[in-house]
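Worksheet for the structure shown next.
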Amino acid sequence: MTQNKAVYSLPSVLADVPMHYCPGCQHGLAHRLVAECLEELGVAEKAICIGSIGCSVFIYNYLLVDTVEAPHGRAPAVATGVKRARPDNVVFTYQGDGDLASIGLAEILHCANRGERVTIVFVNNTVYGMTGGQMAPTTLLGQRTTTCPEGRCKEHEGQAIKMCEIVAGLGGTAYAARVALDTVKNVKQAKKAVHKAFEVQLEKKGLGFVEILSTCPTNWKMTPVQANKRISEEMIPYFPLGVFKDVTSAEDKG
Amino acid sequence: MPGKPKRILVKGNEAICRGAVAAGCQCYFGYPITPQNDIPEYLSKVMPKLGRVFVQAESEIAAANMLLGAAACGVRAMTSSSSPGISLKQEAISYMAGSQLPAVIVNMSRGGPGLGDIGPSQGDYYQAVKGGGHGDYRQLVLAPGTVQEAYDLVIKAFDLAFAYRNPVMVLGDAIIAQMMEPVAVREVEAPPASEDLGWNLMGKGSRPPRVLKSLYLEDSALAGHNALLREKYASMEKEVLYESFMVNDAELIVVAFGSIGRIAKSTVRGLREKGHKVGLLRPITLFPFPSAVLGALAEQRKLFLTIEHNLGQMVDDVRLAVRKHADSFFYGHLPGNLPTPDDFEQPILQVMGVAR
Ligand SMILES: Cc1ncc(C[n+]2csc(CCOP(=O)(O)OP(=O)(O)O)c2C)c(N)n1
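Dropping the structure here:
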């Protein structure tokens, strides 16, 4: 006799519809983690999502919460306006690396520095996915993209920007972690981090920030399996995983 | 009108603040730029005491996007700036128009192009009235000519923003901003900030989620959205406001807005005393534009002279309004120079003489 045990069920915050993402893209998985955390924390009813411009622009088709669309890069400013207007709501942005680390750099830094009680979910796939795989501020040295066809060169384009470390260094940040979605273990860690990034908002400690290293097989010109391998072999060595700041932990209190 | 009027002596910038506070503005987002600095300075003192929100943003771009966020929540919110800063807000204004969000933007405009100067100018007429940002949208534009009007129009701006779910701009200049005049202030009945308006974001609770966006990718969805917006913009026509002064028997009508309309009124008064049949039509709403009244005056075979503090912008709209029966002459006072009523006398007499 075999026993059937449900190991996964669709979070009620996640719409039961096919997603538009490419095969092997991890935006869908990142959405699910956010949905699970909102549900577990019991805050979906009062959540307000700030969508951004990038592949995740249709996030409102998948996450069943009140949502407003922000112009490219401006989600943390929009989140500031929302949170100040509705301090009792749970406010989060969901942004790509072009959006957050390039055009929206001023907005994320000042939002974190002010310590806005919001959560930032930052998906780093080292390219501009939606516009066809151009170089992003997070593109690794040597990585070929449609606008650095010979590979990113330090002399001309500088090195990939490490957002988690920068955001962790700002006074208003309560929690900053970098996670990846390439293994079951890492997905579990990622879920914990997203959870925590919402908790610090609920506890009014400051800004919660999670950088999620994520695949873009289409623009990396890889299979989903190859793309997943690239995360551990190329991305994690440069973008180390871990918690870079946690004001609720013992050592940070000291 | 509820409440008993009380009179105070204030600058235009402070009148804007007091009007916004009276109108129930819950959130203000700003960034320093002359000649509107009194606005963030005043509101940084007053808003927190009232339990309301003041944020000095990191840039005008951020301020406009904070405004977008607060507007999406359906609370009364405002930003202010001056010309270069207003340029930076245009993307967010376009998004707010596309997403149908109610917001108030104050432009105490200054001389341009570029960094220009910090004196008055009407160089931002096109930007305010013809779109400013990308895409096909309109915003209501209110142009005060006195400090009292600055107070009254900012209150009106909030009502219009919510009536139409659309950005509304109050377009002043360094004269309106810095001039001190008596203002009758009043109490306004403002709606509570927590109201469910049927579209605003408050967290879904037990209803289906709401989405506020300007993206319409599906086949013909954007056309449908634009048709809806077109209908809305056409319906704004009934909000037209203008001041007409001694137009009935006038041979020549001066058309001028804002502070220049105010100065031109003095010129008209002076010329009347000397026996010249001159009148003034001062548009108070620049969008919608008082085309119908101008058209009716044109039918009476009057002459038109548009006077602006720029190289000629509103004159395009005047010419369109009168085109069936007349045309408009133009006198542009150059930004960088402050005009007096005397400056407009010769241009008016010249047109009257030339045309005879
Ligand atoms: C002001 C502005 N500039 C450029 C664009 C074009 N654009 C759309 S998405 C995007 C980049 C998105 O890349 P990223 O943020 O890395 O997200 P991803 O698509 O990879 O998830 C750009 C540049 C835009 N919409 N608006």
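Heads up: the protein sequence lines correspond to chains H and Z, in order. Position one of the first sequence corresponds to residue 14 (our numbering), numbered consecutively onward. Position one of the second sequence corresponds to residue -16 (our numbering), numbered consecutively onward. The C-beta atom is built at its ideal place from N, Cα and C for all residues, glycine as well. Keep in mind that this is a model prediction, so the values were computed, not measured.
Who are the Cβ neighbours of residue i in its own chain at under 6 angstroms, not counting the five residues just before and after it?
i	result
Z/G118	S77
H/V260	A187 and K218
Z/S197	Y78, G81 and S82
H/I244	A193, D195 and L226
H/A88	I63, S65, T106 and Q108
H/G267	Low confidence applies to H/G267: its pLDDT is 41, below 50, so where it sits in the model is not reliable, and the reading given next is rough at best. Excluding positions up to five away in sequence, the list is empty.
What residues in its chain sit with their C-beta under 7 angstroms from that of residue i, if we drop five residues either side in the sequence?
i	result
H/A57	V26, L51 and V78
H/L183	L122, A125 and N126
Z/Q73	G115 and G116
H/V256	A190
Z/A157	P18, M91, R93, I101, G102 and P103
Z/E(-3)	D21 and Y25
Z/F270	V112, R121, Q122, L123 and V124
H/Q214	V103, R130, V131, T132 and G221
Z/G319	G94, D100 and G102
Z/P324	I246, S249, T250 and G253
H/K18	none
Z/S203	none
Report the neighbours of residue i on chain H: residues whose CB is nearer than 7 angstroms to its CB, in chain order.
i	result
Z/G319	The contacting residues do not exist; Z/G319 stays about 32 angstroms from chain H at best.
Z/R306	Under the 7 angstroms cutoff, chain H gives no residues; its nearest Cβ is about 38 angstroms from Z/R306.
If distances are taken between C-alpha atoms only, which option among the options comes closest to residue i?
i	options	result
Z/F313	Z/V137, Z/I331 and Z/P322	Z/I331
Z/V194	Z/I69, Z/L84 and Z/V171	Z/L84
H/M143	H/A240, H/S22, H/E247 and H/C68	H/C68
Z/G13	Z/L(-8), Z/G(-5) and Z/G68	Z/G68
H/N137	H/A190, H/G94 and H/E129	H/A190
Z/V305	Z/A54, Z/L280 and Z/V87	Z/L280
Z/V298	Z/N149, Z/E214, Z/V112 and Z/M219	Z/V112
H/Q202	H/A43, H/G128 and H/P31	H/A43
H/M248	H/G185, H/K175 and H/V223	H/K175
H/A60	Z/Y147, Z/G188, Z/C10 and Z/S27	Z/G188
H/Y75	H/E216, H/P31 and H/S115	H/P31
H/D112	H/G128, H/G171 and H/T151	H/T151
H/Y251	H/E53, H/Q156 and H/P24	H/Q156
H/N199	H/H33, H/L46 and H/K18	H/L46
Z/A47	Z/K32, Z/S63 and Z/L33	Z/S63
Z/V230	Z/L50, Z/R255, Z/K(-6) and Z/A217	Z/R255
Only counting the same chain, and skipping five residues up and downstream in sequence, which positions put a Cβ closer than 8 angstroms to that of residue i?
i	result
H/K167	L154
H/P36	P230 and P237
Z/R339	Because Z/R339 sits at a pLDDT of 46, beneath the cut-off of 50, its placement in the model cannot be relied upon, and the point is left open.
Z/M(-16)	Confidence at Z/M(-16) is low in this model, with a pLDDT of 48, below 50, so the placement of that residue should be treated as unreliable; the coordinate-derived value is given next. Cβ neighbours of Z/M(-16) beyond the five flanking positions: R169.
H/G145	T159 and N232
Identify the contact partners of residue i in chain Z, using a Cβ-Cβ distance below 7 angstroms as the criterion.
i	result
H/P84	N48, E74, A75 and Y78
H/L220	None at all; the shortest Cβ gap to chain Z is about 14 angstroms.
H/A92	G52
H/R45	What H/R45 touches in chain Z: nothing, since even the nearest Cβ is about 17 angstroms away.
Note down, in chain order, every chain Z residue with its Cβ under 9 angstroms from the Cβ of residue i.
i	result
H/H123	A40, E41, S42 and A45
H/R130	Chain Z residues near H/R130: none, gap ~13 angstroms exceeds 9 angstroms.
Who are the neighbours of residue i on chain H, taking C-beta pairs under 8 angstroms?
i	result
Z/R193	D79 and T80
Z/G188	E58 and K59
If the cut is a Cβ gap below 9 angstroms, which residues of chain H does residue i touch?
i	result
Z/M185	K59, I61, D79, R99 and N102
- Item | Three or more C-beta pairs below 8 angstroms linking the segment 181 to 201 of chain Z and the segment -5 to 6 of chain Z | Under the three-pair Cβ rule at 8 angstroms, the segment 181 to 201 of chain Z does not count as touching the segment -5 to 6 of chain Z.
- Query: Do the segment 265 to 285 of chain Z and the segment 207 to 226 of chain Z touch if we need at least three Cβ pairs shorter than 8 angstroms?
  - Reply: Cβ pair count under 8 angstroms is three or more, so yes.
- Task: Residues of the segment 94 to 105 of chain H with a CB closer than 7 angstroms to any CB of chain Z: list them in chain order, please.
- Result: If the cut-off is 7 angstroms between Cβ atoms, the segment 94 to 105 of chain H has G94, V95, R97, A98, R99 and N102 near chain Z.
- With 7 angstroms as the C-beta to C-beta threshold (strictly closer), list the residues of the segment 109 to 120 of chain H near chain Z in chain order. Against chain Z - using a Cβ distance shorter than 7 angstroms - the residues of the segment 109 to 120 of chain H are A119 and E120.
- Three CB pairs or more closer than 8 angstroms across the segment 218 to 228 of chain H and the segment 191 to 205 of chain H: Taking a cut-off of 8 angstroms for Cβ pairs, the segment 218 to 228 of chain H and the segment 191 to 205 of chain H touch, as three or more such pairs fall below it.
- Item | Residues within the segment 68 to 81 of chain H neighbouring chain Z, beta-carbon criterion of under 7 angstroms | Residues are counted here when their Cβ sits less than 7 angstroms from a Cβ of chain Z; for the segment 68 to 81 of chain H these are V70, Y73, L77, V78, D79, T80 and V81, given in chain order.
- Please list the residues of the segment 195 to 209 of chain Z that have a C-beta atom closer than 9 angstroms to any C-beta atom in chain H, keeping them in chain order. From the segment 195 to 209 of chain Z, only L195, K196, S197, L198 and L200 have a Cβ closer than 9 angstroms to chain H.
- Query: If you measure beta-carbon to beta-carbon, which residues of the segment 51 to 62 of chain H are closer than 8 angstroms to chain Z?
  - Reply: Answer in chain order: A57, E58, K59, A60 and I61.
- Three or more C-beta pairs closer than 8 angstroms, one from the segment 17 to 28 of chain Z and one from the segment 88 to 95 of chain Z: is that the case here? Touching, yes.
- Task: Could you say if the segment 151 to 166 of chain Z and the segment 72 to 87 of chain H meet the contact criterion of at least three C-beta pairs nearer than 8 angstroms?
- Result: Proximity of the segment 151 to 166 of chain Z to the segment 72 to 87 of chain H falls short of the contact definition, fewer than three beta-carbon pairs being nearer than 8 angstroms.
- Taking one C-beta from the segment 86 to 106 of chain H and one from the segment 32 to 39 of chain Z each time, how about it: are there three or more such pairs within less than 8 angstroms? Under the 8 angstroms Cβ criterion, the segment 86 to 106 of chain H counts as touching the segment 32 to 39 of chain Z, having at least three qualifying pairs.
- Query: Looking at chain H, which residues of the segment 0 to 24 of chain Z have a Cβ within less than 8 angstroms of any of its Cβ atoms?
  - Reply: Against chain H - using a Cβ distance shorter than 8 angstroms - the residues of the segment 0 to 24 of chain Z are Q9, C10 and F12.
- Message: Three Cβ pairs or more, each shorter than 8 angstroms: is that satisfied between the segment 123 to 140 of chain Z and the segment 241 to 260 of chain Z?
- Response: Contact holds: three or more Cβ-Cβ distances are below 8 angstroms.
- Item | Cβ contact check for the segment 288 to 299 of chain Z and the segment 307 to 321 of chain Z: 3 or more pairs under 8 angstroms | Contact check between the segment 288 to 299 of chain Z and the segment 307 to 321 of chain Z: three or more CB pairs, one atom from each, fall below 8 angstroms, which counts as touching.
- May I ask you to list, following chain order, the residues of the segment 231 to 252 of chain Z that have a beta carbon less than 7 angstroms from some beta carbon of chain H? Answer in chain order: no residues at all.
- Proximal residues, the segment 138 to 167 of chain H versus chain Z, C-beta separation under 9 angstroms: Considering only beta carbons, no part of the segment 138 to 167 of chain H lies closer than 9 angstroms to chain Z.
- Query: If we count Cβ pairs, one from each stretch, closer than 8 angstroms, do we get three or more for the segment 158 to 167 of chain H versus the segment 206 to 214 of chain H?
  - Reply: Contact fails: fewer than three Cβ-Cβ distances are below 8 angstroms.
- Message: Tell me which residues of the segment 231 to 247 of chain H have at least one Cβ-Cβ distance to chain Z shorter than 8 angstroms, keeping chain order.
- Response: Listed by position along the chain: nothing, the set is empty.
- Message: Please list, in chain order, the residues of the segment 79 to 100 of chain Z that have any C-beta partner in chain H closer than 7 angstroms.
- Response: Cβ contacts with chain H come from S82.
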